[in-house]
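Undergrad: Quick one: the structure is below, and I'll ask about it shortly.
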Amino acid sequence: MGPAMTEEERAKKTAHLENSRTLGEQAYDDMYEKAHSPSAATACYNNAKEAFYAAINAANELGLTDEARRLEARLQHIKAVFRNQFP
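In this text, residue positions in the sequence shown follow the working numbering: the first is 2, and each later residue adds one.
Dropping the structure here:
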């Protein structure tokens with residue numbers, strides 16, 4: 002494991018995690034509310050995946066394994082919904 006994070010680094014990483022989660026949820030919502038074509042829905046889905054991957058990575062870097070698991074489960078749910086709703 003690398004060197005410990007400073008408080009400032011930890012705060013920035015935590016903010017990044019929260020921002021990424023928020024962006025992922027917004028992209029998921031947009032998939033239904035704002036996407037009026039299959040290509041727009043796919044773009045929203047890709048944005049959601051990227052944001053959740055960033056949040057998962059940040060959670061892992063912060064040692065928040067339970068949070069990383071919750072985010073991974075949410076991402077799997079989003080993937081399943083997309084594949085079912087937008088085949």
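All C-beta atoms in this analysis are idealised placements derived from N, C-alpha and C, irrespective of residue type, glycine included.
#1: Excluding five sequence neighbours on each side, which residues of the same chain lie with their C-beta closer than 8 Å to the C-beta of Tyr54?
#2: Can you tell me whether DSSP reads His1 as helix, strand or coil?
#3: For Gly64, which three-state DSSP category applies?
#4: Met6 by DSSP, collapsed to three states: which one?
#5: Does DSSP classify Phe83 as helix, strand or coil?
TA: Let me spell this out:
#1: Position 53 of the sequence shown, counting from 1, holds the residue named residue 54. Cβ neighbours of Tyr54 beyond the five flanking positions: Leu76.
#2: The first residue shown for the chain is 2 and the last is 88, placing residue 1 beyond what the model contains.
#3: What you label residue 64 is simply residue 63 of the sequence shown in a count that begins at 1. Residue state, collapsed to three classes: coil.
#4: Sequence index remark: in the sequence shown, residue 6 carries index 5 (1-based). Coil.
#5: Taking the sequence shown and counting its residues from 1, the one referred to as residue 83 is at position 82. Helix.
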